[in-house]
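A.B. asks: The sequence shown begins at 27 in the working numbering and counts up by one.
Cβ atoms here follow ideal geometry from the backbone N, Cα and C, with glycine treated the same way.
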Amino acid sequence: MRSSLRVAAVSALFLTSTQAAPTSPSTIPWFACPQNESIVAPYECGTLQVPLDYTLPEYDTLELKMVRVSHTKEPFMGSILFNAGGPGLETRSLVAGGGEGLLELTGGRFDLIGHDPRGTGDTLPFHCYNESERALSLLATPASTDSSDAAPGQIFAERKILSQACVREHEDSGIGELVGTAFTVRDLFQIVDALGEDGLLRYWGFSYGSALGATAAAMFPDRIDKLIIDAVLNLQQYYDGRDYQQVYTADAGLRHFLGTCLKAPDACILSQQGSSVDEIETKIWEKLESIRQQPLATGPTINDLIKYGSVTASINTGLRQPMSPIGWPLLAQLLSSLITSNTTGFREAYDIFNGFLQATDEPSWPAEVTESPYAIRCSDHSFRADNLSDLVPVYEEFERTSKLTGGWIAGGQPMSCAQWPWKAKEQIQWKSEYVTRSPLLVIGNTWDTLTPVESAFNTSASFPGSGVVHQNTGGHSSIAHPSTCTANAIRAYLVNGTLPSGGSVLCEPDEPLGVFASTDSSSKKRSLMSEEDTRLYEAMEKLARRALY
27 MRSSLRVAAV SALFLTSTQA APTSPSTIPW FACPQNESIV APYECGTLQV
77 PLDYTLPEYD TLELKMVRVS HTKEPFMGSI LFNAGGPGLE TRSLVAGGGE
127 GLLELTGGRF DLIGHDPRGT GDTLPFHCYN ESERALSLLA TPASTDSSDA
177 APGQIFAERK ILSQACVREH EDSGIGELVG TAFTVRDLFQ IVDALGEDGL
227 LRYWGFSYGS ALGATAAAMF PDRIDKLIID AVLNLQQYYD GRDYQQVYTA
277 DAGLRHFLGT CLKAPDACIL SQQGSSVDEI ETKIWEKLES IRQQPLATGP
327 TINDLIKYGS VTASINTGLR QPMSPIGWPL LAQLLSSLIT SNTTGFREAY
377 DIFNGFLQAT DEPSWPAEVT ESPYAIRCSD HSFRADNLSD LVPVYEEFER
427 TSKLTGGWIA GGQPMSCAQW PWKAKEQIQW KSEYVTRSPL LVIGNTWDTL
477 TPVESAFNTS ASFPGSGVVH QNTGGHSSIA HPSTCTANAI RAYLVNGTLP
527 SGGSVLCEPD EPLGVFASTD SSSKKRSLMS EEDTRLYEAM EKLARRALY
């Protein structure tokens with residue numbers, strides 16, 4: 027039996043409709059974008075006006091900015107819309123910079139389209155602080171609830187100030203209610219209708235993009251053609267605002283990294299710090315506990331103060347990128363330098379992870395740092411708490427679930443959203459089952475430290491008939507660690523509608539050691555691949571090295 031969404035504070039039209047009803051369908055004007063030498067695939071830019079408020083569609087509009095990478099093969103099979111996640115990551119940069127690899131993975135018969143959703147990039151950015159206020163907030167607020175006994179209270183108080191600052195800036199504009207996921211779903215279908223194809227959604231979303239894609243399938247089940255959600259959130263817990271499952275595999279992800287490092291001693295400097303995973307892990311936690319008790323002063327400026335929560339956040343950033351030069355190798359440098367008290371090596375890695383040093387020249391559209399991630403996520407969440415005491419069991423459960431990231435996620439999500447002043451005009455109450463026109467493809471990685479594979483299986487259960495690719499790697503999303511098994515499953519689904527036999531498949535990586543693998547080993551394995559698999563592997567490798575996350 028098909029379940030329906032219960033939607034609050036929207037017009038009767040949206041309460042009953044299962045079809046997106048565009049207010050003024052139009053052809054998207056595509057034009058030449060400013061080119062970037064590091065981008066191989068040709069791409070175009072476009073814009074589309076959509077309703078700012080879908081409960082008042084006849085009033086103000088919002089301009090969506092898009093980028094399109096055109097198909098290279100015939101027959102043309104339509105357009106795939108992408109979302110890079112976050113919320114707050116720029117999808118235009120993903121599609122433009124990763125277009126060559128994404129074209130290969132998807133078979134070359136689809137146009138690839140990315141737009142920066144409302145609240146992302148320069149599309150309805152959400153500012154609450156100026157630069158100096160934001161800097162002071164970052165300095166004053168612990169990064170995780172387990173930074174100290176006083177940290178939860180400090181985070182709670184600062185987030186109250188943040189909420190008040192946001193009200194100060196946006197109470198009159200009303201945009202705090204207009205950046206939620208449900209309205210972004212409606213934007214997706216505005217694009218679909220403006221494309222003038224078959225009126226069906228083809229989509230690939232990563233991380234938070236899995237929430238956007240699954241919500242699109244839930245809201246408009248009859249308009250789904252092909253939909254991939256990759257690095258999947260638990261949608262029930264996401265919309266509630268207490269996603270404990272998000273940190274289930276974080277600690278195991280660290281141990282997986284350490285084990286891989288020990289298998290490649292010539293490539294991983296951290297292997298010099300012990301002969302077993304347990305030994306190295308113990309040394310890491312001894313140093314982290316020392317920083318928790320006494321932050322490091324590594325220089326003459328305030329940015330030289332190294333705190334516990336920012337170090338654990340840096341570790342998580344490195345774990346998400348097994349193939350990137352600023353992923354696992356930099357993490358190995360960070361942890362080895364931490365253990366040996368090598369301040370120079372530690373600061374180099376730490377500064378790259380925390381954005382103080384520019385690590386890559388990847389193409390992107392200029393974007394300011396804003397409070398938009400809070401605006402999007404918090405407006406989606408139903409959970410609120412007026413008192414710190416109401417949050418104690420929440421952050422304690424996060425901390426019990428993961429020693430590495432539990433306090434960090436608790437501080438950044440439920441603690442940050444508990445006092446948020448707005449809820450999205452269109453609220454989602456996630457149901458147990460949605461029957462879609464076509465089945466979904468759901469992808470999860472075994473040691474993903476932010477979106478465990480358990481969430482992929484849980485979400486797939488909400489969509490009967492969907493298929494699951496269980497990629498047996500670390501990293502955040504399938505494109506973090508190449509697997510031609512996964513790549514072939516993605517292409518077969520998009521081109522032929524084929525799902526894994528039996529409903530799911532376990533896909534191994536082509537190079538389990540990731541970026542630590544020797545050149546000889548990688549060359550030997552690649553020589554045994556078919557020509558087609560070689561192209562797929564190289565496409566995934568290029569994407570993995572882009573350090574999307």
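#1: So Ser352 is in the beta strand (DSSP E); what residue range does that whole segment cover?
#2: Measuring CA to CA, which of Gln299, Ala208, Thr369, His407 is closest to Trp446?
#3: Under 8 Å: do the stretch 158-169 and the stretch 178-198 share three or more Cβ pairs, one atom per stretch?
#4: When you compare only the Cα positions, how much space is there between Gly179 and Asp330?
#5: On a Cα-Cα basis, can you pick out the residue from Ser174, Pro348, Ala487 that is closest to Leu284?
#6: According to the neighbour-count rule (16 or more other Cβ atoms, all chains shown, within 10 Å of its Cβ), is Pro247 buried or exposed?
#7: Alpha carbons only, please: which of Leu107, Glu84, Leu162, Leu569 is nearest the one belonging to Ile328?
#8: Return the CA-CA distance between Gln439 and Ile181, expressed in angstroms with no decimal places.
#9: Pick out whichever of Ser442, Asp377, Tyr234, Thr98 has its Cα sitting closest to the Cα of Val258.
#10: If you count every other CB in all the chains shown that lies within 10 Å of the CB of Glu159, and 16 or more means buried, which is it?
#11: Return the CA-CA distance between Gly72 and Ile54, expressed in angstroms with no decimal places.
#12: Counting only the same chain and skipping the five closest in sequence on each side, list residues whose C-beta sits under 7 Å from that of Glu195.
#13: Using the beta-carbon count (16 or more within 10 Å), is Ser301 buried or exposed?
#14: Below 9 Å between beta carbons: does that hold for Leu296 and Thr369?
#15: Output yes or no for whether 9 Å exceeds the beta carbon distance between Ala242 and Leu214.
#16: Can you tell me which of Tyr519, Gly528, Thr524, Thr475 puts its alpha carbon nearest to the alpha carbon of His502?
#17: Opposite Leu88 in the DSSP bridges: which residues?
#18: Which stretch, first to last residue, makes up the beta strand (DSSP E) that contains Gln320?
#19: Taking 8 Å as the cut-off, does the stretch 122-136 touch the stretch 73-84 (at least 3 CB pairs, one atom from each stretch)?
#20: Under 9 Å, do Ile505 and Ala570 count as touching if we go by C-beta distance?
#21: Measuring straight from C-alpha to C-alpha, what distance separates Ser576 and His282?
#22: Using DSSP with H/G/I as helix, E/B as strand and the rest coil, what is Trp230?
#23: State yes or no: is the C-beta of Gly202 within less than 9 Å of the C-beta of Cys192?
#24: Measuring alpha carbon to alpha carbon, tell me which of Pro526, Leu115, Leu238 ends up nearest Ile454.
#25: Output the distance between the C-alpha atoms of Leu383 and Asp377, rounded to the nearest integer angstrom.
#26: Quick check on Cys511: does DSSP put it in helix, strand or coil?
#27: Taking 9 Å as the cut-off, decide whether the C-beta atoms of Tyr517 and Leu562 are in contact.
#28: Check this for me: beta carbons of Gly493 and Val531, under 9 Å apart or not?
C.D. replies: Let me lay it out:
#1: As a working note, residue 352 is residue 326 in the sequence shown. It is Ile, not Ser, that sits at residue 352 in the sequence shown. Neither: Ile352 is in no beta strand (DSSP E) and is coded neither H nor E.
#2: Start at 1 with the first residue of the sequence shown, and residue 446 comes out as number 420. The shortest C-alpha separation from Trp446 is found at His407.
#3: yes
#4: Reading the sequence shown from its first residue, position 153 is the one you call residue 179. Reading the sequence shown from its first residue, position 304 is the one you call residue 330. If you take the alpha carbons of Gly179 and Asp330, they lie about 24 Å apart.
#5: Taking the sequence shown and counting its residues from 1, one reaches residue 284 at position 258. When each option's Cα is compared against that of Leu284, the closest is Pro348.
#6: If you number the sequence shown from 1, residue 247 lands on position 221. Under this definition Pro247 is a buried residue.
#7: In the sequence shown, residue 328 corresponds to position 302, counting from 1. With distances taken between Cα atoms, Ile328 lies closest to Leu162.
#8: As a working mapping, residue 439 is identified with position 413 in the sequence shown. As a working mapping, residue 181 is identified with position 155 in the sequence shown. If you take the alpha carbons of Gln439 and Ile181, they lie about 11 Å apart.
#9: Taking the sequence shown and counting its residues from 1, one reaches residue 258 at position 232. Closest option to Val258, Cα to Cα, is Tyr234.
#10: In the sequence shown, the residue the question calls residue 159 occupies position 133. Glu159 is exposed by the Cβ-count criterion.
#11: As a working mapping, residue 72 is identified with position 46 in the sequence shown. As a working mapping, residue 54 is identified with position 28 in the sequence shown. Answer to the nearest angstrom: the Cα atoms are 6 Å apart.
#12: Indexing the sequence shown from 1 puts residue 195 at position 169. Setting aside the 5 residues that flank it on each side, Glu195 is surrounded in the same chain by His153, Cys154, each with a C-beta closer than 7 Å to its C-beta; the list follows chain order.
#13: If you number the sequence shown from 1, residue 301 lands on position 275. Exposed is the label assigned to Ser301, since fewer than 16 other Cβ atoms lie within 10 Å of its Cβ.
#14: Within the sequence shown, residue 296 is the residue found at index 270, counting from 1. Within the sequence shown, residue 369 is the residue found at index 343, counting from 1. In this structure, Thr369 does not lie closer than 9 Å to Leu296 by Cβ.
#15: In the sequence shown, residue 242 corresponds to position 216, counting from 1. In the sequence shown, residue 214 corresponds to position 188, counting from 1. Going by C-beta atoms, Ala242 is nearer than 9 Å to Leu214.
#16: Residue mapping note: residue 502 aligns to position 476 of the sequence shown, counting from 1. Here the closest residue by C-alpha is Thr475.
#17: Locating residue 88 in the sequence shown gives position 62, counting from the first residue. DSSP lists Val76 as partners of Leu88.
#18: What you label residue 320 is simply residue 294 of the sequence shown in a count that begins at 1. Neither: Gln320 is in no beta strand (DSSP E) and is coded neither H nor E.
#19: no
#20: Taking the first residue of the sequence shown as position 1, residue 505 is located at position 479. Taking the first residue of the sequence shown as position 1, residue 570 is located at position 544. A contact, by the Cβ cut-off of 9 Å.
#21: Residue coverage of the chain in this structure runs from 27 to 575, which leaves residue 576 outside it and unanswerable.
#22: In the sequence shown, counting from the first residue as 1, residue 230 sits at position 204. Looking at Trp230 - three-state DSSP - the assignment turns out to be strand.
#23: Taking the sequence shown and counting its residues from 1, the one referred to as residue 202 is at position 176. Taking the sequence shown and counting its residues from 1, the one referred to as residue 192 is at position 166. Their beta carbons are under 9 Å apart, which means Gly202 touches Cys192 by this criterion.
#24: Here residue 454 is taken as the residue at index 428 of the sequence shown, counted from 1. When only C-alpha atoms are compared, the closest one is Leu238.
#25: Reading the sequence shown from its first residue, position 357 is the one you call residue 383. Reading the sequence shown from its first residue, position 351 is the one you call residue 377. In this prediction, Leu383 has a pLDDT of 47, which is less than 50 and means its spatial position is unreliable; what the coordinates show is noted afterwards. Rounded to whole angstroms, Leu383 to Asp377 spans 6 Å at the Cα level.
#26: Stepping through the sequence shown from its first residue, residue 511 is reached at position 485. Correct three-state label for Cys511: helix.
#27: Residue mapping note: residue 517 aligns to position 491 of the sequence shown, counting from 1. Residue mapping note: residue 562 aligns to position 536 of the sequence shown, counting from 1. Reading off the sequence shown, one finds Arg at residue 517, where the question assumed Tyr. Taking 9 Å as the Cβ cut-off, Arg517 and Leu562 qualify as a contacting pair.
#28: Translated into the one-based positions of the sequence shown, residue 493 becomes position 467. Translated into the one-based positions of the sequence shown, residue 531 becomes position 505. Closer than 9 Å, so yes.
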